[in-house]
Amino acid sequence: MEGRRRLRPARPGGRRRAPGLHPRRRRRPRPARRPARRAPRLRGPGPANRPRPRRPRPLAIAAHRPGAPRSPGRAPTRRRRPRPLAAPHRAGRRRSRRPPPRRIGPESLAYVVYTSGSTGRPKGVLVEHRGLSNLVAWHTRSFAVGPADRATLVASPGFDASVWEIWPYLSVGASLAVPAATLRLAPEELRDWLVRRAITISFQPTAIAEELLRLQWPARCDLRVLLTGGDRLRVRPGPGLPFAVVNNYGPTEATVVTTSGLVPPLAPGEPAREPTSAARSPAPASTSSTRTASRSPSASPASCTSAAAASRAATSVAPP
């Protein structure tokens with residue numbers, strides 16, 4: 001028939017088959033190809049988009065067993081013993097879980113301050129606990145420091161006066177206020193900050209204390225003692241000042257303070273002049289090498305309170 005493909009005649013006893021196929025040559029299905037792995041696309045510089053590094057596999061080291069035949073051509077290797085991380089304890093001794101006892105006495109070191117002093121060469125001064133405890137006991141007793149007081153922290157930690165500003169007040173539970181560094185350049189703003197924060201005892205360097213003494217203060221002020229030191233005081237407090245001024249001096253080796261004196265205020269109508277040496281009453285020094293823990297104060301709480309009350313009664317200054 002035209003238009004149709006003629007089938008080949010089948011073999012005797014066989015079936016007809018399509019042209020082009022052989023019973024012995026059957027097509028086998030090809031295995032599916034796996035898609036090739038593509039590198040991950042990095043959309044950003046972040047570490048989360050980076051491919052994870054493969055962890056190195058541990059190397060297996062075959063050790064020689066005793067009695068096993070060695071491979072020919074290799075030199076015998078010596079087996080090394082692993083070193084212990086810590087030395088084993090001696091027999092009969094056990095490690096105690098209790099911390100070692102603290103052995104702190106009067107001769108123990110409290111702090112180290114570097115200063116040049118009069119030599120001009122930097123040196124470290126070792127201050128012991130007995131000198132620091134003596135300073136704390138003298139200060140709290142002389143100026144009647146209590147938990148309700150609010151003091152200032154002006155000196156830098158590298159200056160030994162910071163020890164005097166910190167430990168006497170923290171030992172009795174008083175508060176410490178730290179002024180901003182910009183207030184040192186503006187005496188008026190520093191005065192307003194002391195009044196606003198209700199500071200009761202404050203230490204100021206001599207240069208700043210002289211500027212504060214030249215200002216007018218409100219009649220009612222919580223500040224009752226102004227401590228100063230570090231240089232020669234050339235200004236006396238005026239009449240009507242609501243607080244007492246105490247001038248101090250001491251080398252670093254003697255634990256900050258060895259001499260403390262109350263500066264008397266000017267009388268009404270008295271011209272302002274530099275304080276004389278007679279106005280300063282020295283106190284017996286108690287250095288760090290002294291074994292006694294007592295210090296005779298020159299400015300007692302009664303004298304500071306009476307001086308402040310007398311200055312208030314003399315003249316009242318209106319608040320600025």
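Numbering-wise (the UniProt record's numbering), the sequence shown opens with residue 1 and increments by one. All C-beta atoms, glycine included, are put in the ideal place defined by N, C-alpha and C. Because the structure is a prediction, the values reported are computed rather than measured.
*E270 burial status per 10 Å Cβ neighbour count (16 or more: buried)*: exposed
query = Between the Cα of A174 and the Cα atoms of P268, A151, I208, Y114, which residue gives the shortest distance?
reply = A151
| query | DSSP puts P100 in a beta bridge; with which residues? | reply | Note: P100 sits in no beta bridge, so no partner.
TODO: State the Cα-Cα distance for the pair G131 and A137, rounded to the nearest angstrom.
DONE: 10 angstroms
message: Does the contact criterion of 3 or more C-beta pairs under 8 angstroms hold for the region 157-167 versus the region 256-265?
response: yes
Nearest neighbour of T140, chosen from S156, P100, W167 [CA to CA]
W167
Is the beta carbon of A110 sitting closer than 8 angstroms to the one on V127?
yes
key: Secondary structure, beta strand (DSSP E): runs of 3+ residues fully inside the region 158-191   = 175-177
Would you check if there are 3 or more beta carbon pairs closer than 8 angstroms linking the region 178-186 to the region 220-234? no
Quiz prompt | For P239 and A267, the rounded distance between their alpha carbons | solution = 6 angstroms
| message | Restricting to runs no shorter than 3 residues, where is the beta strand (DSSP E) found entirely within the region 228-270? | response | 244-249, 259-263
Does the beta-carbon distance from A209 to L226 come in below 8 angstroms? yes
Excluding five sequence neighbours on each side, which residues of the same chain lie with their C-beta closer than 6 angstroms to the C-beta of P157? none
Give the DSSP-derived three-state secondary structure of R141 in the structure shown. helix
Helix or strand or just coil, what does DSSP make of R30?
coil
Next on the checklist: Once the 5 residues before and after L194 are set aside, which same chain residues still bring their CB inside 7 angstroms of it?
Outcome noted: S202, L223
request  = May I ask you to report which of helix, strand or coil DSSP gives R214?
outcome  = coil
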